[in-house]
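Scroll down for the structure; my scribbles are underneath it.
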Amino acid sequence: MSGSPSDSPTAGAATGLPECIAGYRILRLLGEGSMGCVYLAEQPQPHRLVALKVLRGAVATEAFRKRFLREIELMAALAHPGIARVYDAGEADTDSGRLPYLVMEYIEGQPLLDFVRAQGLDVPQQLTLLASLCRSVHAAHTQGVIHRDLKPANVLVDPEGTPRVLDFGVARMLDQRGATEMTSAGQVIGTIAYMPWEQLVDTTQVDARSDVYALGVMAYEMLSGHHPYPGLASMTLVGAVRRLGEQAPRPLSQAAPHTRGDVATVVMKALSREPARRYGSAAEFAADLERVLRRQPVEARPPTAGYLLGLLIRRHKGLAAASGLALGSLLLGAGLATWFAVGEARARADAEARGAEAVAANAFLQQMFAAATPAVARGRQLSAQDVLDFADRSLDARADRYPPRVRAELKRGLGMSYNALGELDAAQRLLDEAYALTVDAFEPGSVARYRTENDRARVLLNAGRYREAEAFLRPLLDGPAADADAVWRLRLVARLGHAVCEQQRFADCEALLEPALAEARAVLGPGDDTTLDMMEWLCFALAPQQRYDEIFRMANQMLPVLEQRYGRDHPRTFPARQWLAIADQELDRLDAAEQRMRSLLDDRLRVQGTANIDIAQTQHRYGMLLLRRAKWTEAEPVLRSAWATFERVRGRDDVGTLVSMVDLSIALRSQGDEQAAFELLGQVVERMDAMDRAITSPDVSFYGYYAAALDDRGQHARALALFERMEPQARALKYRSSPSLGIFIGNMGRCLMRAGQSGRAAEYLREAHALLADALGAEHAETLRVQADLDNLAGPV
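Once you know that position 186 of the sequence shown is 186 in this note's numbering, the rest is easy, because the numbers rise by one and skip nothing.
Below, the structure is given as structure tokens:
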């Protein structure tokens with residue numbers, strides 16, 4: 001799916017192509033294969049280029065159609081920046097009859113091997129690319145999807161250098177009946193040159209390790225320029241089975257001598273004929289590749305004393321040379337020899353334990369995939385959540401089969417999968433259980449403890465349970481692991497800053513993060529994710545203080561780093577883009593702000609695919625901007641969408657839910673629908689009155705809007721009582737430079753004027769005018785509105 005759309009021929013009959021398929025305008029043919037053809041197409045809404053794949057009539061049997069359509073929900077759930085998204089699917093009428101089609105994200109880039117050759121990548125660069133690819137494949141595995149046809153042609157490297165996995169069209173859960181039918185019909189799912197022996201022999205034996213094998217073949221080709229089994233692609237199925245069963249591949253160290261050592265060892269482990277001897281997951285393969293890059297011991301073989309010492313000397317060449325050390329003399333020292341012997345014994349024990357845990361984990365994954373078998377599915381079309389629910393129940397029912405360390409990691413993985421689906425209650429329950437197991441099974445400061453603690457905090461924050469997150473994080477920050485590890489401590493501070501900021505304690509957030517940011521820049525570097533997280537939450541803390549010049553400068557520092565690392569349209573880059581738009585808006589650069597926000601929202605919808613909290617927050621910000629520009633009818637649907645998502649994911653009482661309801665009421669009122677606006681504000685106040693918590697700045701604004709609405713409807717006594725109830729909190733919580741306090745005091749002055757209390761009204765209106773003139777300027781609409789009230793008050797009664 002590579003190429004530039006600008007040089008595409010005109011669609012239509014003149015090119016011999018269909019003009020339109022299922023509402024998508026066909027631009028040109030991207031490629032053809034045994035299963036169908038792929039077109040570059042244009043989607044009208046949202047407007048974007050897509051890759052549209054249509055099955056050939058010879059392949060599209062009724063059984064194939066059913067299987068194809070059954071897989072759509074599974075494929076669409078794969079949301080990862082390294083995986084091309086599936087947008088749409090179905091069946092369409094074509095000149096060849098009614099055929100299934102699949103609409104995917106269009107990726108401009110080069111096939112993997114072409115990119116490596118064209119760029120002349122060295123070994124570290126190739127390993128970095130491979131590790132990124134493995135992480136993407138593992139993300140699909142965690143959602144129960146095996147690719148089954150990984151090959152260089154199905155991996156494009158985009159202009160930012162990110163590998164993107166294409167065509168999960170043959171990926172599916174382990175449906176034993178479907179696999180048997182396909183084998184009996186003579187079909188092979190996959191490409192022989194990249195399929196492991198067990199997949200060629202029996203398609204029911206496919207699991208994550210089958211994709212690990214394909215990744216190993218691609219790694220071999222990248223590093224050596226040759227296939228590990230030359231000529232395999234042209235062989236028959238029977239010949240390929242015989243060759244893979246009887247012959248071992250040529251060692252990579254012979255095909256590419258420059259890879260001798262860890263590089264060759266890691267790749268050849270992924271190529272092992274027996275699945276049990278391969279990496280148990282693509283993540284394990286990636287982790288060993290990354291260890292090679294860091295010159296750390298790899299998991300692919302037991303670390304002998306000589307190997308560890310040689311690695312130590314390579315990592316610290318200067319120290320070894322300056323000390324006059326020689327490998328031979330070191331190994332002769334009895335004390336050092338004993339230390340290494342103990343280390344080797346421990347390594348063997350650890351390796352055996354890890355092996356047993358890997359076997360148990362793989363057994364569980366097989367059980368998880370069994371959710372897709374006919375015996376369990378019973379004719380239902382299973383969603384990703386169905387599979388997770390089945391796995392969750394199975395893990396608890398068979399808890400005695402898995403060691404505590406395995407249960408802890410599996411529950412953590414299941415919890416984060418639920419988190420990705422937005423099922424936050426299930427995610428939190430599983431992370432709570434994983435954490436309890438982790439505390440007993442792993443030592444403080446271990447990687448597993450760090451990972452589980454970090455993920456549990458993430459889920460609490462994603463669920464909007466900020467006080468719980470803070471209560472969880474503070475003891476960790478005060479614990480010995482944080483004292484001993486500056487990196488871990490800084491990561492905890494960043495998470496804690498998030499939790500504190502979301503509770504509207506902006507001064508506390510600034511006090512926590514500002515000194516930590518300086519340390520993070522020194523210890524982690526300016527481009528580290530934790531450093532960038534701190535900067536992002538400092539932007540949140542500075543916003544209520546109207547310090548938008550500082551916010552703009554900080555976001556401008558973040559954006560180039562994020563774009564270089566992730567690309568402009570990566571979710572990690574979006575918050576910096578949003579802060580630039582917000583700063584432009586608050587600094588009255590409204591044209592620039594609207595352009596930035598519209599572009600950001602389009603990219604979020606295109607990349608992230610479905611409504612989620614991030615998209616809801618951008619929609620809300622964009623809706624607020626449209627309100628400021630008096631574009632009421634454009635703002636209403638945007639704000640409705642934001643409200644629906646906030647309420648679905650965060651709940652009825654979340655501050656995002658309530659704020660979006662209030663802003664939607666403004667849009668409705670501005671279009672003349674006073675009753676609907678008033679009823680919506682009434683719902684907000686009713687929900688807030690039922691809460692048992694301290695009043696926050698947004699709460700004051702909500703009550704203030706409702707009091708103003710009561711006043712406009714002639715209910716001056718009720719309105720004034722509500723204003724007077726909220727006035728102490730408004731003065732205590734609002735920053736003096738913020739226009740919010742001026743607006744609140746001005747509305748209260750107007751209510752006093754209408755209630756006949758002219759003396760108090762004049763006092764409040766004069767104060768509001770001074771506040772608004774200082775915050776917004778004398779010619780701003782809010783300031784002029786208060787001035788008009790003062791003029792009316794001074795006139796004849």
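Note that CB positions come from ideal geometry on N, CA and C, so glycine has one too.
Nearest-angstrom Cα separation, counted from residue j out to residue i
i: ARG273; j: VAL123; result: 25 Å
i: SER253; j: LEU215; result: 17 Å
i: CYS882; j: LEU127; result: As shown, the chain starts at 1 and ends at 797. That puts residue 882 outside it, with no answer to give.
i: ARG250; j: GLU160; result: 34 Å
i: TYR764; j: ILE745; result: 6 Å
i: ASP549; j: ALA541; result: 13 Å
i: TRP579; j: VAL493; result: 21 Å
i: GLU767; j: ASN747; result: 11 Å
i: ALA635; j: VAL439; result: 49 Å
i: GLN729; j: LEU741; result: 10 Å
i: ALA583; j: ALA84; result: 32 Å
i: PHE115; j: SER224; result: 15 Å
i: LEU626; j: VAL523; result: 42 Å
i: ARG565; j: GLU105; result: 21 Å
i: ALA794; j: HIS716; result: 20 Å
i: SER417; j: ARG449; result: 18 Å
Residues near residue i by beta carbon distance below 6 Å, same chain, minus five either side
i: ARG407; result: LEU437
i: ARG669; result: ALA677
i: MET535; result: MET554 and MET558
i: LEU532; result: MET558
i: MET840; result: A question about residue 840 goes unanswered here, because the residues of the chain that appear run from 1 up to 797.
Residue environment, residue i, which counts as buried when at least 16 other CB atoms sit within 10 Å
i: VAL157; result: buried
i: ARG604; result: buried
i: PRO637; result: exposed
i: GLY777; result: exposed
i: GLY623; result: buried
i: ASP699; result: buried
i: LEU17; result: buried
i: ARG491; result: buried
i: ASP149; result: buried
i: ASP591; result: exposed
i: GLU679; result: exposed
i: LEU332; result: Since pLDDT at LEU332 reaches only 29, below the 50 mark, its modelled position is unreliable, and the value read off the structure follows with that caveat. Exposed is the call here.
i: ASP455; result: buried
i: ASP478; result: exposed
i: GLY704; result: buried
i: THR633; result: exposed
Expected contact under 8 Å - CB spacing of residue i and residue j to nearest Å
i: LEU513; j: LEU538; result: 5 Å
i: PRO196; j: VAL155; result: Actually they do not touch by this definition, with Cβ atoms about 18 Å apart.
i: VAL212; j: PHE285; result: 6 Å
i: LEU722; j: ALA755; result: Not a contact, Cβ separation roughly 12 Å.
i: ARG596; j: ARG577; result: 7 Å
i: LEU102; j: LYS53; result: 5 Å
i: ALA208; j: ILE146; result: 6 Å
Under 8 Å between C-beta atoms of residue i and residue j
i: ALA469; j: ALA499; result: yes
i: SER132; j: PRO163; result: yes
i: ASP789; j: ARG760; result: no
i: ARG25; j: ALA41; result: yes
i: VAL684; j: LEU658; result: yes
i: GLY90; j: ALA22; result: yes
i: THR191; j: GLY413; result: no
i: ARG135; j: ALA283; result: yes
i: GLU443; j: LYS411; result: no
i: GLY415; j: VAL487; result: no
i: TYR220; j: VAL267; result: yes
i: LEU113; j: MET222; result: yes
i: ARG474; j: LEU496; result: yes
i: PRO46; j: ARG606; result: yes
i: LEU244; j: LEU200; result: yes
Close beta carbons around residue i, own chain, < 8 Å, minus the five adjacent residues each side
i: ARG640; result: LEU664
i: LEU395; result: PHE364, TYR402, ARG407, LEU410, LYS411 and LEU414
i: GLN247; result: TYR229
i: ARG687; result: ARG652, ASP653 and LEU658
7 Å Cβ shell around residue i - same chain, five flanking residues per side excluded
i: PHE646; result: ALA616, ASP654, GLY656, THR657 and SER660
i: HIS769; result: THR783, VAL786, GLN787 and LEU790
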